[in-house]
Amino acid sequence: MKNTFRTTPIALALACLAGTALAQNTPIRIGVVTPLSGTYAGIGQQVKWGLDLAARQINAAGGVAGRPLELVYEDEEANPAVAVQKAEKLFQVNKVDFLTGTVNSGSTLAVGQLAERNNRLIATTVSFADSITGDKCSPNVFRVNARAGMQSAALADWMAGTRPNANVFYLGPDYEMGRSTVAAFKQAAEAKGAKSVGEVFAPLDNKDYSPFFGQMRSSRPAVIYTSVAGNDTVRLFSQMAEFGISRNVQVVGASGTVTSQNLPAIGKAADGFVTGVGYATSIDSPENRKFVADFEAANKAKPDLYGADSYGVLFFYKAAVEKAGSTDTDKVRAAMRGLQWSTPQGVKTMRAGDHQAMQDMYAMRVNGGQFEVVGQVKADAAIGADVCTRF
Amino acid sequence: MSSPITTTAVAAAPAAHRAPARRLSAASWLAIVFFAGALLFGAVALALGDVFYLRLATEALIFGGLALSVDLLLGRVGLLPLGQALFFGLGAYVSALVLKHWTDSIWLALAVALVFSALAGLVGGLIAIRSKGVYFALISFGLAQVVSKLIYNTRELGASDGIIGVPAAAMAPGLGSGTPQVFFLLVLGLIGAFYLALRYLMDTPMGRQLDAIRINEHRVAFLGVDAWRYKLGAFVAAACIAGVSGALYPMLRGFVSPELMFFQVSGHAVINVIVGGTGTLIGPLYGSAILTGLRSVVGSFTAHHHIVIGVLFVVVVILMPRGLIGYATPVLQRWLDRRHHSAGDRT
Amino acid sequence: MNHALDWLQFVLAPQMINGLSIGVAVVLMALGLTIIFGLLDVINMAHGEFYAIGAYLAVALLGLGLSFWWALVLTPLLMAVLGYATERGLIQRVFHSKDRHTLTLLLTFGVAVVLEDALKIVFGANPLRVEAPIAGATEVLGLFFPNYRLFVMLLGGALITAVWLLVFRTSLGAVVRAAAYDRHMSASLGVPVQRVYAATFAFGVALAGIAGVLLAPIYSVFPTMGRDFVLIAFSVVIIGGMGSIKGAVLAGLLLTQVQSISSLYISPVWSDPLLFGIMVLVLMWRPQGLFGKLGSA
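As you go down the protein sequences, you meet chains C, G and P in turn. So the first sequence is residues 9 to 399, counted in our numbering. So the second sequence is residues 49 to 395, counted in our numbering. So the third sequence is residues 44 to 340, counted in our numbering.
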C-alpha cells in the first residue's frame with residue numbers, strides 16, 4: 009500500500025545519473041490473474057507452468073532488454089468480479105507492466121476494460137470466444153491463442169476431406185457459448201457440404217445424457233459434433249460408450265471438449281475423437297520437441313494448448329518490448345501489431361486489425377491418451393474475417 | 049436517542065430514562081466506530097493517493113448492503129435467505145442497462161433499480177413468504193438458480209459474458225463514480241442511510257411486530273396480527289436494499305456478469321452476517337468489511353482460501369453463534385454502564 | 044396403431060427406463076436426507092458432499108488395488124464412521140440451542156463448503172474415473188441397455204427395500220421411530236437417544252456414500268459433484284414429505300419420470316426449474332408434502 013518514492017535530492021540525482029543502468033536492473037512485472045482454485049484450476053495450473061517455464065528461460069538468457077521478468081500471481085476463481093478486483097490490485101498496488109492469465113471470456117472482457125482505464129495491455133492465452141477480438145475487441149487486449157472460428161475452420165476442413173457430405177448431429181451445452189460454438193461449426197461445416205440431421209442442447213452440468221441418445225440414434229448420423237467441456241465431456245463420452253452410440257460414428261468437437269484436464273477420466277471412451285486445435289505435443293518440430301521436453305522435466309506433466317500458449321505469450325511480450333525499445337504502453341502496442349514471433353507451434357503473426365494471433369491450425373485425433381495430428385490448415389485460411397471496428 | 053437492540057434492553061431502559069439525553073448505547077457506539085473508521089480510512093487513502101484499497105473498501109460496503117438485507121430477513125424476521133444475490137444481481141443489471149443505454153445519472157439509475165427491486169421483491173415474496181425455515185431457504189435458493197440461469201442464457205443481456213462498457217455515473221456535473229474518493233463517500237452515505245433506516249424501523253411498531261413474529265408466529269395471529277403481510281413487507285424491503293446495493297456495483301467496476309447472482313454471492317452474504325452478528329444490523333457491515341479484506345489477503349497467499357473462510361465460519365457457528373458484534377455489544381454495554389455508575393449517576 | 048406402438052417402444056419406454064435408473068439414484072440420496080430430517084430434525088445441507096466423499100473414497104480404495112466390490116462394501120462403513128463423528132463432534136454442539144433449525148442449517152452449510160474444498164485439495168480439481176465393474180449391454184425390447192445401469196437399478200431397489208424393512212419391520216427401526224416420535228418418552232423408556240441420533244445420522248450419511256460409489260462409474264467423480272443432487276434431492280424430500288420414507292421413494296421415482304418424459308417435449312434446460320416449480324406449488328398447497336413425518340409414516 010505504500011506508494012513512497014524517497015525523493016531526496018541526492019537520490020534523484022543518482023537516479024538521473026544512473027539512468028539506463030538503473031532501469032536495466034529493475035524487473036519487468038507481469039501480473040497473472042488466473043483461476044488457481046475452482047473448476048478451472050487445472051487450466052490455471054497449465055497456464056502457471058507455461059509462464060513459469062518461459063520466465064525462467066527468458067531470465068536465464070538475459071531477460072527482456074536486459075531486465076528480468078517477475079511474475080505476480082493472483083487467483084481469479086473463474087469469476088469476472090474477482091478477476092477485476094485482483095487485476096486492479098496488480099495494476100495499482102503491484103504496478104505490473106503487463107497482465108495475462110484470464111481464462112473465461114467474461115473475465116477477459118472485464119479485465120480488458122480495466123486495462124483500458126489503467127492504460128495497460130493484457131493478453132489472453134486461453135479464452136476462445138470470438139467476441140474478444142470481434143465485436144467486443146479492445147485496443148488494450150491481445151489474443152495469442154486460436155479463437156473458436158479458427159478451431160472450427162480446421163475441423164470442418166478435415167471433416168470435409170475425410171467424410172464428405174456427412175450427416176452431422178450436434179449436441180451442445182445449453183448456454184450462450186455452447187450454442188454459438190455449435191452454430192459456428194455448423195456454418196463452417198455446411199459451407200463444405202455437410203448436412204445437419206439433428207441438434208440438441210443439454211443443460212450445463214447435466215448428469216445424464218441418456219435421454220438424448222434415442223434421438224441421436226434415430227437420426228443415424230455419420231458424425232456427432234459436441235461442444236461440451238470439462239466434467240460434462242467425461243459424462244457424455246462414458247455414457248455414449250456405455251450405450252454403444254460411439255461405435256460406428258465419428259465423434260468430433262470443440263477444442264475445449266477433450267483436454268489434458270479431463271482426458272485421464274474419459275480414458276478409452278475418447279479414442280477416435282477429433283478436434284481442431286492450435287497445439288499438440290505431437291507437432292513435429294525441433295522447437296516443440298525441446299519445449300515438451302523442458303516442460304515435462306520441470307512439471308512432470310505434458311503441456312497442453314493452455315500451457316503452450318501461455319509459454320508463448322512471454323516471448324511475444326519480449327519481442328514487442330525489444331522492438332519498441334521500452335515498456336511504454338502505446339509503444340508496445342504499436343510494436344505488437346503485425347509482430348511475428350516464434351513459438352513451439354511455429355511462427356505466429358499478430359494481426360493488427362483485431363489483435364488476434366494467426367497460426368497454422370491442426371486437426372488432432374485422440375489415440376490411447378495422446379493427441380496425434382491428422383490434418384493441418386494454413387494460418388490465413390483459418391483466421392477468418394476481421395470484424396473488429398473499434399480501432 | 050436510540051434504544052439498544054440487544055436483550056439487555058430491558059435492564060438498560062430504566063437507566064436510560066434517568067440518564068441525561070447524551071447517553072448512547074453500546075450498539076450505537078459500535079455503529080459510530082464503524083462509520084467513523086470508514087471515514088478515517090477514506091481520508092488516509094486520499095492522503096496516500098491510493099485507489100485500489102479505496103475501491104476494495106467500496107466493494108466491501110456494497111456487499112455490506114447485501115449483508116444488511118440478509119440480516120433483515122435472518123436476524124429480524126427469522127427467515128434464512130439462500131438466494132438474496134438474486135435481487136443484488138437484478139439491481140446490478142438494471143443499473144448497468146440504465147447507465148449504458150439511457151442516462152448516466154446515478155440518481156436515476158438507483159431509482160429505477162429501486163422500483164425494479166420492489167417489484168421483483170413483491171413477486172418473489174408472494175412465492176416464498178408462505179414458507180418458513182428450510183422451505184423458505186430452498187425456495188429462495190431455487191429462485192436465484194432459475195433466474196440466474198435465465199440471464200446466463202439471454203444473449204441480449206450479454207449471456208455468460210455479462211455486460212461490459214458501463215460508463216461512469218454522474219452524481220452532479222463533474223462528480224461521479226469515476227472518482228474513487230467521491231464514490232466511496234456516496235456509497236458510505238447510502239449504506240449508512242440504510243442502516244439508520246433499519247435501526248429506526250426496528251423501534252417502530254412494525255419492527256416490534258417483526259420481532260414478535262420471529263419469536264412465535266403462531267401466537268401473533270391470536271393477537272390479531274396478519275403475520276404474512278409484515279413478512280412480505282420485510283421481504284420487499286430486503287429486496288430493495290439488496291437491489292440498490294447491487295445497482296452500485298456496475299458504477300464501481302464498470303461491468304456486470306451472471307456470477308453476481310450465483311449461490312457463492314448469497315452464501316458469502318450469509319457468512320458475513322453470521323460472523324458479524326445476526327440481528328445486530330451493524331454486525332453484517334463489520335462482517336462484510338472484515339471478510340472482504342480477509343478474502344483478499346488470504347487469497348494472495350494461498351489458492352485454498354475457501355477452506356480457511358469455511359472453517360472460520362463453522363467455528364463461529366459452533367462457538368460464537370451470535371457473531372462478533374453479538375458478543376461485543378453486551379460486553380461493551382456492561383462496561384459503559386459501569387463507567388456511568390462509577391461516574392456518579394444518581395438514582 | 045403401429046405408429047403408436049412404435050412410439051411406445053422406441054420413444055416412451057427408453058425414456059421411462061432411463062428415468063427409472065436416474066430415479067433410483069435420486070431416491071437413494073433423498074432417503075438419507077429424509078431419515079436425518081425425520082429423526083434429528085436436522086437439515087443436512089452437506090448431504091451432497093457426503094455423496095461426493097463416498098465416490099472419492101471409492102476412487103481411493105480402487106487406487107489401493109481393491110476391487111469395486113470391496114469398495115462398495117467398505118465405503119458405507121467408513122462413511123458411517125465419518126457421519127457418527129460429524130454428528131457427535133459438530134451437530135450435537137448446536138443441537139440444544141433455541142435457534143436449532145437455523146444453526147444446524149448454517150452449520151451443515153459451512154461443513155459443505157469446507158468438505159468441498161478439502162476434496163479439491165486432496166484429490167485435485169480434475170475429474171477422475173471409476174471403471175464400471177460390469178461391462179457390456181443387454182438388449183431389452185430392441186434397445187441397448189448397459190448392464191451396469193441395470194445392476195444399479197436392481198441393487199438400488201434392493202437397498203431401498205432393505206431400508207424400508209429395517210425401519211418398519213425390525214425392533215431397531217422401532218426404536219428409531221420411537222425416538223423420532225417422542226424423544227423424552229423414549230429416553231425415559233431406556234432408549235439411548237443420543238447414540239440413536241448419532242447412529243441415524245451415520246446411517247443417512249452411509250446411504251449417501253453408497254449412492255456415491257454406485258453412481259461414480261456413470262456420472263464421474265469431481266469436486267463439485269456434490270451440487271449435482273442438492274436441489275433435486277431436497278425437492279424430492281419436500282414434495283414427498285420431510286421425514287417420510289414412503290414419500291421420498293414415491294416422489295423420487297415419480298418426479299424423475301416427470302423430468303424424463305417432459306424432456307421429450309420441452310427443452311431439457313427447463314427440467315430442473317420444472318421440478319422447482321412443482322416443489323413451490325406443493326409447498327403452497329400442502330406444505331407437509333405428500334406424506335407426513337417419519338414418526339407417523
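Yeah, the Cβ is synthetic: ideal placement off N, Cα and C, and Gly gets one too.
Please state whether DSSP places Q195/C in a helix, a strand or coil. In the structure shown, the three-state DSSP call for Q195/C is helix.
Beta-bridge partners of I38/C, as assigned by DSSP: DSSP output for I38/C lists L79/C, F106/C as bridge partner(s).
Nearest-angstrom beta carbon gap, L114/G and Q132/G [assumed within contact, 8 Å]: The Cβ separation is near 6 Å, so the contact holds.
Three or more C-beta pairs below 8 Å linking the region 166–186 of chain C and the region 285–304 of chain P: No, the region 166–186 of chain C is not in contact with the region 285–304 of chain P.
Which one of G169/G, I199/G, L116/G, L145/G has the shortest CA to CA distance from V312/P? If we check each option's Cα against that of V312/P, I199/G comes out closest.
For A69/G, name the three-state secondary structure that DSSP assigns. Residue placement at A69/G cannot be trusted, given a pLDDT of 49 that sits under 50; what the coordinates show is reported in the next sentence. Residue state for A69/G is assigned as coil, using DSSP reduced to three classes.
Inspect the CB distances between the region 74–88 of chain P and the region 283–291 of chain P and report whether three or more fall short of 8 Å. Short answer: they touch.
Between the alpha carbons of L250/P and L257/P, how many angstroms are there, rounded? Between L250/P and L257/P, the C-alpha separation is close to 11 Å.
Which listed residue (D394/C, S226/C, L212/C, V40/C) has its alpha carbon closest to that of Y183/C: When the alpha-carbon of Y183/C is set against those of D394/C, S226/C, L212/C, V40/C, the nearest one is in L212/C.
Candidates I38/C, A62/C, G392/C, A278/C, of which the one nearest G361/C by Cα: Relative to G361/C, the option among I38/C, A62/C, G392/C, A278/C whose CA is nearest is G392/C.
Closer than 8 Å by C-beta to A29/C: which residues in its own chain qualify, once you throw out the five before and the five after it? Chain order, please. Since pLDDT at A29/C reaches only 46, below the 50 mark, its modelled position is unreliable, and the value read off the structure follows with that caveat. So no residue of the chain qualifies.
How would you list, in chain order, the residues of chain P whose beta-carbon sits under 7 Å from the beta-carbon of A185/G? Correct list: L148.
Contact set between K215/C and chain P, taken where Cβ atoms lie within less than 7 Å: Ordered by position in chain P, the residues that pass the 7 Å Cβ test against K215/C are Y262, D271.
Identify, in the order they occur along the chain, each residue of the same chain with its Cβ nearer than 6 Å to the Cβ of V382/C, setting aside the five sequence neighbours on each side. Residues of the same chain with a CB within less than 6 Å of the CB of V382/C, apart from the 5 flanking positions on each side, are A371, R373 in chain order.
Compute the Euclidean distance between the alpha carbons of V329/C and E304/C, then round it to the nearest angstrom. V329/C and E304/C have their C-alpha atoms spaced approximately 29 Å apart.
Residues that S140/P contacts on chain G, provided the C-beta gap is smaller than 9 Å: Chain G residues near S140/P: P369.
Which residues does DSSP list as the beta-bridge partners of V260/C? Looking at the DSSP output, V260/C bridges to Y233/C, V282/C.
Tell me, to the nearest whole angstrom, how far the beta carbon of S135/C is from that of V111/C; I am working on the premise that it is less than 8 Å. Right, their Cβ atoms sit about 7 Å apart.
What are the residues in the region 294–313 of chain P lying within 9 Å of chain C by C-beta distance? The region 294–313 of chain P vs chain C, Cβ under 9 Å: Q302, S303, S306, L307, S310, P311, V312, W313.
Residue range of the beta strand (DSSP E) that includes T378/C: Residue identity differs from the one stated: residue 378/C is Gln in this sequence, not Thr. Counted as a single uninterrupted DSSP element, the beta strand (DSSP E) harbouring Q378/C occupies residues 378–385.
Buried versus exposed call for D401/G [16 or more other C-beta atoms within 10 Å across all chains shown]: The requested residue 401/G is not part of the displayed model; chain G covers only 49 to 395.
Residues that D165/C contacts on chain P, provided the C-beta gap is smaller than 7 Å: Scanning chain P for C-beta atoms nearer than 7 Å to the C-beta of D165/C yields nothing, as the closest lies near 30 Å away.
May I ask you to list the residues that DSSP assigns as paired with N126/C? None, per the DSSP bridge assignment.
For a contact defined as C-beta to C-beta under 7 Å, what are the partners of F361/G on chain C? Listed by position along chain C, the residues whose Cβ is nearer than 7 Å to that of F361/G form an empty set, because the closest Cβ is around 17 Å away.
Just to confirm, is the Cβ distance from A63/C to L44/C under 7 Å? Cβ atoms of A63/C and L44/C: not closer than 7 Å.
Beta-carbon within less than 8 Å of K331/C's beta-carbon, same chain only, minus the 5 sequence neighbours each way: which residues are those? In the same chain as K331/C, and ignoring 5 residues on each side of it, the C-beta atoms closer than 8 Å to its own belong to A343, L347, in chain order.
Members of the region 247–267 of chain C that neighbour chain P once the beta carbon cut-off is set at 8 Å: Under the 8 Å Cβ criterion, the region 247–267 of chain C contributes Q247, E250, F251, G252.
I'd like the list of long-range same chain contacts for V300/C, defined as Cβ closer than 7 Å, with 5 residues on each side in sequence excluded. Within the same chain, V300/C has close Cβ partners T289, K310, P311.
Cβ separation of G181/G and H90/P, assumed to be a contact under 8 Å, to the nearest whole Å: Cβ-Cβ separation between G181/G and H90/P: approximately 17 Å, too far for a contact (criterion under 8 Å).
Closest by C-alpha distance to S334/C, when choosing among G46/C, R75/C, T42/C, Y287/C: Taking only the C-alpha atoms, the option nearest S334/C is R75/C.
For a contact defined as C-beta to C-beta under 8 Å, what are the partners of A291/P on chain G? Neighbours of A291/P on chain G: none; closest Cβ ~15 Å, over 8 Å.
Where do the N-terminal and C-terminal ends of the alpha helix (DSSP H) with M368/G fall, by residue? It is not in any alpha helix (DSSP H) - M368/G carries neither H nor E in the DSSP assignment.
Taking 8 Å as the limit between beta carbons, can you name the residues of its chain near V365/G, skipping five residues before and five after? These residues qualify, in order along the chain: I322.
Do you know offhand how far S310/P's Cα is from L129/C's? Straight-line Cα distance between these residues: approximately 42 Å.
For chain D, check one thing: does any of its Cβ atoms lie closer than 7 Å to the Cβ of A101/P? The structure shown has no chain D; the protein chains it does contain are C, G and P.
Start-to-end residues for the alpha helix (DSSP H) that takes in R124/G: Careful: R124/G lies outside any alpha helix (DSSP H) and carries neither H nor E.
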